[in-house]
Amino acid sequence: MTITDSPAQPFVAKWGIIGCGWISSEFCKDLAFIRPEVTDVSHAVVAVGSRDKAKAAAFIAENMPQGARAQVEGVYSAKPQPCGSYDEVYDHPKDVDIIYIGTPNQSHFTAAKAALLRGKHVLVEKPACLNAAEWAVLTALAEEKRVFLMEGLWTRFQPLTSKLRDALHKDKLIGDIKFVQSDFSMAFYNSLPDTHRTIALEAAGGAMFDLGAYAMLPALIALHENPDNHMSPPEHLSASMLKTRQGTDQSTSFSFDFPRIDAKAIMSTSIAYNSPKDQPCVIVGTKGEIVLHGHLSRPSGMTIKIIDQDPAPFITKWKEPVKVDADVGPGFGLYFEADSVARSLRDSELQNATMPHSETALVLGLFDSIRKLGGYTLPPGLEQA
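When the count follows our numbering, it moves up by one through the sequence shown with no breaks and lands on 540 for the last residue.
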């Protein structure tokens, strides 16, 4: 670099935020963090939409009074603007690159479709839709409009997930993977009113829609993405549900097999109890096992246990366990996902390689089958496709 050169400016993703709830709050606070190690991309929040403009203004004041990182650092000058409707954000001039949808589950499809029709890129919180058919409508629309679309399953972008994937498939530390058992549960039921979005039927509440993707994720990483599986879908799905007073699922357990690699996964999710903190997931291979710790949405770390001899019935000797920290850093950890989306926009990608359309289609298709097996029926008209 010569004395007259200046450092390259980062690509700035310019966001419009839909919804002023808890997850939108965490997302925007993470966008405002100054992380010196990230120099290629940054973020600006251009507009925040709510049905109440005063609520949008209060949201900005509470979560990012100076805006996101690019605004704090002076790379992008305009401050976030409150809007009294979602349409104001969708119809915002070209300053808004991408819409983040953090509204309740039942409104994701409608909000995402409205944004796509305006030609905006979209990041929609999980579950992206209420069924696989709705997602097919959105992906077709995104392809028609030539815009980016992704479901926000933030756990896929966390550093520990990359470390887990490498340990399983690149380094094959535990040998051939044979079994995954996982649980992701949080005790909402009977501590929140039945009308709360996590419980109410009209809000598509219940454990599966709210937490199920996290319970399923370790199995998909370990088994579905196993190179020897060649992305073959799971088979022999079974499921059962315990219902809430509202008719949503209080607790759901499900299992499926991957015959191509002779492996099985058993998963559970509930809003009636909390997951075991120290061992919510174990991945078992022929040479050892990996245990995840903390919440499966944001694991706090993992322990790798390697067998110190050829496995034999009833007798197993283990090497010293290796503990791996999550290394999430400050904030909630949603910025890993946001940075990856920004790079996709910078590179004119219509899908993100870490969370492609096919991944969401697979999970929502499994959810459809689990709901059918468990007898979970949404009110007429709630599903739009």
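Glycine is no exception: its CB is placed at the ideal position from the N, C-alpha and C atoms.
Cβ-Cβ distance between residue i and residue j below 8 Å
| i | j | result |
| --- | --- | --- |
| Cys175 | Leu519 | no |
| Leu186 | Arg224 | yes |
| Ile426 | Gly361 | yes |
| Val292 | Lys275 | no |
| Val230 | Asp494 | no |
| Pro354 | Phe339 | According to the sequence provided, residue 354 is Ile. The question's Pro does not apply to it. The answer is no: Cβ separation not under 8 Å. |
| Arg501 | Phe166 | yes |
| Ile256 | Ile189 | no |
| Leu296 | Lys268 | yes |
| Pro235 | Ala209 | no |
| Val244 | Ile253 | no |
| Glu380 | Asp412 | no |
| Thr316 | His512 | no |
| Lys143 | Thr458 | With the chain covering 156 to 540 only, the question about residue 143 has no answer from this structure. |
| Ala377 | Thr424 | no |
| Pro248 | Ala211 | no |
| Gly204 | Met396 | no |
| Met305 | Asn507 | yes |
| Asp383 | Ile329 | no |
Start and end residues, alpha helix (DSSP H) containing residue i
| i | result |
| --- | --- |
| Val292 | Ala287 to Lys300 |
| Ile215 | Lys208 to Asn218 |
| Ser503 | Looking at the DSSP string, Ser503 is not in any alpha helix (DSSP H), and its letter there is neither H nor E. |
| Thr515 | His512 to Gly529 |
| Leu315 | Pro314 to Arg320 |
| Ala163 | First-last for Ala163: undefined, no H or E at that position. |
| Val227 | Arg224 to Val227 |
8 Å contact criterion, which residue i and residue j should meet: CB distance rounded
| i | j | result |
| --- | --- | --- |
| Arg311 | Met510 | 5 Å |
| Pro476 | Lys460 | 5 Å |
| Gly222 | Ala199 | 6 Å |
| Asp250 | Lys169 | 6 Å |
| Ile525 | Ala359 | Not a contact, Cβ separation roughly 14 Å. |
| Leu323 | Ile438 | 7 Å |
| Glu181 | Phe487 | 4 Å |
| Gly440 | Asp331 | 6 Å |
| Leu372 | Leu451 | 7 Å |
| Ala540 | Ala233 | About 37 Å; that fails the 8 Å criterion. |
| Asp523 | Asn345 | The Cβ separation is near 28 Å, so there is no contact. |
| Met422 | Ser430 | Actually they do not touch by this definition, with Cβ atoms about 11 Å apart. |
| Leu271 | Lys300 | 6 Å |
Start-to-end residues for the beta strand (DSSP E) that takes in residue i
| i | result |
| --- | --- |
| Val437 | Cys436 to Gly440 |
| Arg453 | Arg453 to Ile461 |
| Glu397 | Note that residue 397 corresponds to Leu in the displayed sequence, not to Glu. It spans Glu390 to Lys398 - the beta strand (DSSP E) in which Leu397 sits, taken as one unbroken run. |
| Leu304 | Leu304 to Gly307 |
| Leu186 | No beta strand (DSSP E) contains Leu186, which is instead part of the alpha helix (DSSP H) from Trp177 to Leu186. |
| Leu447 | Gly443 to His450 |
| Ser240 | No beta strand (DSSP E) contains Ser240, which DSSP labels as neither H nor E. |
| Phe413 | Asp404 to Phe413 |
| Ile421 | Ala418 to Ser425 |
Closest Cα partner of residue i within the set the options
| i | options | result |
| --- | --- | --- |
| Pro259 | Asp383, Leu308 and Lys281 | Lys281 |
| Pro388 | Glu514, Leu500 and Phe487 | Glu514 |
| Ala497 | Asp195, Phe182, Ser524 and Ala288 | Asp195 |
| Pro152 | Met219, Asp480, Ser524 and Ala508 | Residue numbering for the chain in the displayed model covers 156 to 540; residue 152 lies beyond these limits and cannot be assessed. |
| Glu217 | Asp207, Pro382 and Lys184 | Lys184 |
| Ser408 | Leu533, Leu328 and Ala420 | Ala420 |
| Leu375 | Asn429, Leu308 and Trp290 | Leu308 |
| Arg206 | Gly529, Ser455 and Ser240 | Ser240 |
| Arg453 | Gln401, Glu492 and Lys474 | Glu492 |
| Asp404 | Ile329, Asp365 and Thr458 | Asp365 |
| Tyr490 | Ser197, Leu271 and Pro431 | Ser197 |
| Pro534 | Glu357, Lys478, Asp482 and Asn507 | Glu357 |
| Trp177 | Gln261, Arg352 and Gln164 | Arg352 |
| Gln164 | Glu228, Gly449, Thr265 and Ser179 | Glu228 |
| Gln401 | Pro348, Tyr428 and His385 | Pro348 |
| Lys327 | Ile445, Arg273 and Thr350 | Ile445 |
| Asp242 | Gln261, Pro191, Thr265 and Gln226 | Thr265 |
Contact with chain C by residue i, beta-carbon distance below 8 Å
| i | result |
| --- | --- |
| Thr515 | Annotation note: the requested chain C is absent from the structure, which comprises a single protein chain. |
Please give the ranges of any alpha helix (DSSP H) in the region 340–388, keeping only runs that are unbroken, at least 4 residues long and fully inside the region. 368–374
In chain order, which alpha helix (DSSP H) runs of at least 4 residues are fully inside the region 243–280? 263–272
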